[in-house]
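Numbering (full-length UniProt numbering), first residue to last: 1 to 166.
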Ligand code: 2F8
Ligand code: CA
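What follows is the structure in structure tokens.
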């Protein structure tokens, strides 16, 4: 084998090892995703439009609810499409969502820090009743426009969201 052939052989072995590592990494990634999705299904999470959702069976304050979602590797639900708003109709419960104006009255932000754009407030809401309502709930009085602002220390159900795609 001349020098040129040795170089060529080394390059081909090098490329082969990169491909092998890449394929192994892909396998590990897809096994991990599969087992994570599998576990979430088994724990009763609902899948919808690239996210998993957990609906609580107990009741907590907004902050406790948020902490619970974070401990599950998720956060309170962020509603950023009509489809997601419609999805919440499946759960006729009063539930905390990940929306608050605690930091600045009247400026509603999602738990990921983004400002509220499209909203689905119930007629007359948010009304900040008694100047004490800084957290948003789904209140199913009107399924189309179901949001209401509530005192954050009230205990109700909550809905967590774990996004599976950006
Ligand atoms: O009438 C709307 C009003 O209803 C309740 O107050 C009486 C809600 N508060 C609670 O459920 C604690 C308000 O948030 C709501 O605006
Ligand atoms: Ca209100």
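Even for Gly, the Cβ is constructed at its ideal location relative to N, Cα and C.
As the structure is a computational prediction, the values presented were derived from the model and not from experiment.
Run through the DSSP bridge pairs and tell me what residue 91 is partnered with.
Per DSSP, none; premise fails for residue 91.
State the Cα-Cα distance for the pair residue 143 and residue 90, rounded to the nearest angstrom.
10 Å
Using 8 Å as the cut-off, classify the Cβ of residue 150 as near or not near the heavy atoms of ligand 2, replying yes or no.
yes
Just the C-alpha distance for residue 93 and residue 141, rounded to the nearest angstrom, thanks.
10 Å
8 Å contact criterion, which residue 159 and residue 54 should meet: CB distance rounded:
7 Å
Which partner residues of residue 58 appear in the DSSP bridge assignment?
The partner list for residue 58 (beta bridge, DSSP) is empty, contrary to what the question assumes.
Determine whether the beta carbon atoms of residue 148 and residue 165 lie at a separation below 9 Å.
no
Identify every run of the beta strand (DSSP E) within the UniProt domain "C-type lectin" (48-161), keeping only runs that are complete inside it and at least 3 residues long; order them along the chain.
51-55, 95-100, 135-138 and 147-150
Taking the C-alpha atoms as reference points, what is the distance between residue 122 and residue 146?
5 Å
Can we count residue 127 as close to ligand 1, meaning its CB is less than 8 Å from some heavy atom?
yes
Let me confirm a value: residue 103 is counted as buried when at least 16 other C-beta atoms fall within 10 Å, else exposed. Which label applies?
exposed
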